[in-house]
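See below for the structure under consideration.
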Amino acid sequence: MDRSAVRGLRDERIDWRFKGMPSEAFGSTVDQFLRTRPNLRDNGFVGPLLLLERPALEHNLATMADWCSRHGVLLSPHGKTTMAPQLFQRQLDHGAWGITAANISQLRVYRAFGTSRVLLANQLVDPNGLSWLASELERDPEFLFSCWVDSTRNVELMERALSATGGRRPVDVLVELGRRGGRTGARSTAEALEVARAVHASPNLRLAGVGGYEGAISHDLSDTDLIAVDDYLSGIREVVTGVARAGLFDEVDEILVTAGGSSYFDQVAEALTTPWGLDRPVVPILRSGSYITHDHGLYRTMSPFGRAHRLAGPEEPFRPALRILAQVVSRPEPDLVLLTLGRRDASFDQDLPQPQRVRTDDGSLPLKGARMTELADQHAFVRIPADSATEVGDWFECGLSHPCTVFDKWPLIPLVDGDEVVDLVRTFF
Numbered sequence: 033m034d035r036s037a038v039r040g041l042r043d044e045r046i047d048w049r050f051k052g053m054p055s056e057a058f059g060s061t062v063d064q065f066l067r068t069r070p071n072l073r074d075n076g077f078v079g080p081l082l083l084l085e086r087p088a089l090e091h092n093l094a095t096m097a098d099w100c101s102r103h104g105v106l107l108s109p110h111g112k113t114t115m116a117p118q119l120f121q122r123q124l125d126h127g128a129w130g131i132t133a134a135n136i137s138q139l140r141v142y143r144a145f146g147t148s149r150v151l152l153a154n155q156l157v158d159p160n161g162l163s164w165l166a167s168e169l170e171r172d173p174e175f176l177f178s179c180w181v182d183s184t185r186n187v188e189l190m191e192r193a194l195s196a197t198g199g200r201r202p203v204d205v206l207v208e209l210g211r212r213g214g215r216t217g218a219r220s221t222a223e224a225l226e227v228a229r230a231v232h233a234s235p236n237l238r239l240a241g242v243g244g245y246e247g248a249i250s251h252d253l254s255d256t257d258l259i260a261v262d263d264y265l266s267g268i269r270e271v272v273t274g275v276a277r278a279g280l281f282d283e284v285d286e287i288l289v290t291a292g293g294s295s296y297f298d299q300v301a302e303a304l305t306t307p308w309g310l311d312r313p314v315v316p317i318l319r320s321g322s323y324i325t326h327d328h329g330l331y332r333t334m335s336p337f338g339r340a341h342r343l344a345g346p347e348e349p350f351r352p353a354l355r356i357l358a359q360v361v362s363r364p365e366p367d368l369v370l371l372t373l374g375r376r377d378a379s380f381d382q383d384l385p386q387p388q389r390v391r392t393d394d395g396s397l398p399l400k401g402a403r404m405t406e407l408a409d410q411h412a413f414v415r416i417p418a419d420s421a422t423e424v425g426d427w428f429e430c431g432l433s434h435p436c437t438v439f440d441k442w443p444l445i446p447l448v449d450g451d452e453v454v455d456l457v458r459t460f461f
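This is the structure we're talking about:
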């Protein structure tokens with residue numbers, strides 16, 4: 033990445049655009065504000081306020097990097113989780129091979145900060161997007177890019193658009209395997225081979241490998257779900273082997289094979305590192321993204337590190353690195369409080385936020401028997417014991433689930449160590 037562009041984020045001025053920020057910071061640059069050594073309790077932050085916890089973040093980065101190294105896989109984490117170049121830089125500093133994108137607008141953000149190796153885990157058939165991509169490839173010889181294809185029509189549209197640009201660098205593509213009734217991807221090995229042959233015949237495309245996403249196959253941890261993931265990964269191996277033996281990877285020195293969200297990456301690593309017996313190396317790449325912050329809900333349950341029997345090694349589980357502060361503004365009934373926290377602030381697509389602690393003058397204490405039951409646009413409904421000492425004005429700390437739908441609600445997020453604010457993380461959605 034372009035480290036100077038990432039550092040340049042500290043020159044942005046704080047103002048009313050960034051919710052939760054102290055009014056006394058308005059007009060200051062991020063760097064100027066951080067030089068005051070801000071503290072959550074003393075510097076006028078307002079709620080609700082999303083926080084990133086540095087110790088947990090650093091633990092997750094190191095844990096995933098170590099696991100990938102020991103299991104012989106590369107990591108190209110999905111940047112859509114955070115859309116935060118500062119966090120991309122931390123992932124790359126911990127050995128990530130590249131960063132994954134989902135669409136052309138995300139890719140433009142990555143390129144604005146100099147990200148030099150990107151997997152676009154999606155099809156790209158928009159002629160305007162392809163024209164821009166061709167110009168980026170011409171402008172920067174160090175920019176390495178690949179995207180998915182899953183049909184001959186896909187190949188035809190890409191070839192037509194790229195031919196019109198007159199670009200000299202071919203676009204690397206990976207044939208995507210899906211499943212019937214699922215998301216994108218060729219529905220069979222035979223269809224995938226047909227797509228691979230179309231790519232091989234295209235002057236403006238280069239066949240670089242095979243990709244897929246096992247998270248679209250299963251959504252639970254039952255034996256049936258885990259077996260379905262293994263069967264799907266066997267299908268990816270069958271496509272790679274079939275395409276290689278047909279001689280269609282002759283333009284590349286190595287074959288990229290990628291899968292792996294944040295729920296089944298242990299199975300992916302096992303499948304993609306089993307010896308291939310082909311005439312050129314196979315490079316296995318995971319795309320797990322949510323590991324960087326983990327969570328208190330979805331991935332606490334689904335992550336392989338929560339299923340230690342699946343892993344060979346002494347890994348400590350990931351740690352939740354996200355929490356949100358919200359104030360009690362009403363207690364209209366003895367067992368009900370309302371918080372200044374709503375759908376505009378927190379994820380709710382997988383699980384509701386979890387009230388965990390109440391902040392006091394001396395720190396924070398566990399919340400006993402508090403349970404969020406509903407999240408409206410700007411209010412959270414929390415049931416508490418009728419004899420609770422909770423009062424209007426108290427501050428609750430809540431855990432979150434599914435980080436992918438949290439970051440998009442916060443353009444500037446305090447990175448904290450305890451109550452000390454050590455950085456402000458900028459997102460671009």
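So the sequence shown is residues 33 to 461, counted in the working numbering. Beta carbons: idealized from backbone N, C-alpha and C, even for Gly. Keep in mind that this is a model prediction, so the values were computed, not measured.
One alpha carbon belongs to Phe77, the other to Gly321, and they sit about 29 Å apart. In this structure, the straight-line span from the alpha carbon of Thr221 to that of Met190 is close to 22 Å.
Rounded to the nearest angstrom, the Cβ distance from His411 to Asn92 is 31 Å, too far for a contact under 8 Å. Rounded to the nearest whole angstrom, the CA to CA distance from Glu188 to Thr197 is 15 Å.
It is roughly 35 Å from the alpha-carbon of Thr256 to the alpha-carbon of Phe177. The Cβ atoms of Leu444 and Met53 lie closer than 9 Å to each other. Bridge pairing for Thr61: Arg45 [DSSP].
One Cα belongs to Pro70, the other to Arg389, and the distance between them is close to 22 Å. His103 is bridged by DSSP to nothing; it lacks a bridge partner. About 5 Å separates the beta carbon of Leu399 from that of Pro387, a gap short enough to meet the 8 Å contact definition. Beyond the five residues adjoining it in sequence on each side, Ser195 comes within less than 8 Å, by CB distance, of Pro235, Asn236 in the same chain, given in chain order. Short of 6 Å from the beta carbon of Leu83, and not among the five residues preceding or following it, lie these beta carbons of its own chain, in chain order: Arg355, Pro446, Val448.
DSSP, read as helix, strand or coil, puts Ile136 in helix. In this chain, the alpha helix (DSSP H) harbouring Arg185 covers 184-197.
For Gln123, the CB contacts under 6 Å within the same chain, skipping 5 residues up- and downstream, are Pro109 in chain order. Annotated as proximal: Asp383 and His434, with beta-carbon spacing under 9 Å.
Under the 10 Å beta carbon count, Asn160 is surrounded by fewer than 16 other beta carbons and is classified as exposed.
By the Cβ criterion, the region 94-109 is in contact with the region 118-138, since at least three pairs of Cβ atoms, one from each stretch, lie closer than 8 Å. Restricting attention to alpha helix (DSSP H) runs no shorter than 4 residues, the region 115-181 encloses them at 117-125, 136-144, 159-171, ordered along the chain.
Under DSSP, Ile287 forms a beta bridge with Val314.
Nearest in C-alpha terms to Val438, of all of Glu208, Ser295, Lys112, is Lys112.
Closest in alpha carbon position to Asn154, among Ala218, Tyr264, Ala193, Leu371, is Ala218. Contact annotation: Leu288 and Val231 have beta-carbon atoms that are not nearer than 9 Å. For the beta strand (DSSP E) assignment, the uninterrupted runs of no fewer than 3 residues enclosed by the region 364-449 are, from N- to C-terminal side, 368-371, 386-392, 395-398, 403-407, 412-415, 427-431, 444-449.
In terms of Cβ geometry, Arg45 and Ser60 form a close pair [threshold 9 Å]. In the three-state scheme derived from DSSP, where H, G and I count as helix and E and B as strand, Ser320 is classed as coil. Among the bridge pairs identified by DSSP, Gln359 is matched with Trp427.
As for any alpha helix (DSSP H) of minimum length 4 sitting wholly inside the region 238-308, the runs are 255-277, 297-305, ordered along the chain. Asp98 sits in a helix when the DSSP states are folded into three classes.
Taking all protein chains shown into account, His251 has fewer than 16 neighbouring C-beta atoms within 10 Å of its C-beta and is therefore exposed.
The secondary-structure analysis by DSSP pairs Arg35 with nothing; it has no beta-bridge partner. Taking Pro366 as the centre and dropping the five residues before and after it, the same chain places the C-beta of Ala418 closer than 7 Å to its C-beta, in chain order. Counted as a single uninterrupted DSSP element, the alpha helix (DSSP H) harbouring Leu330 occupies residues 330-334.
Looking only at Trp442, Glu452, Val454, the smallest Cα-Cα distance to Trp48 is reached by Trp442. By the 16-neighbour rule on beta-carbons within 10 angstroms, Thr95 is buried. One Cα belongs to Cys179, the other to Gly292, and the distance between them is close to 16 Å.
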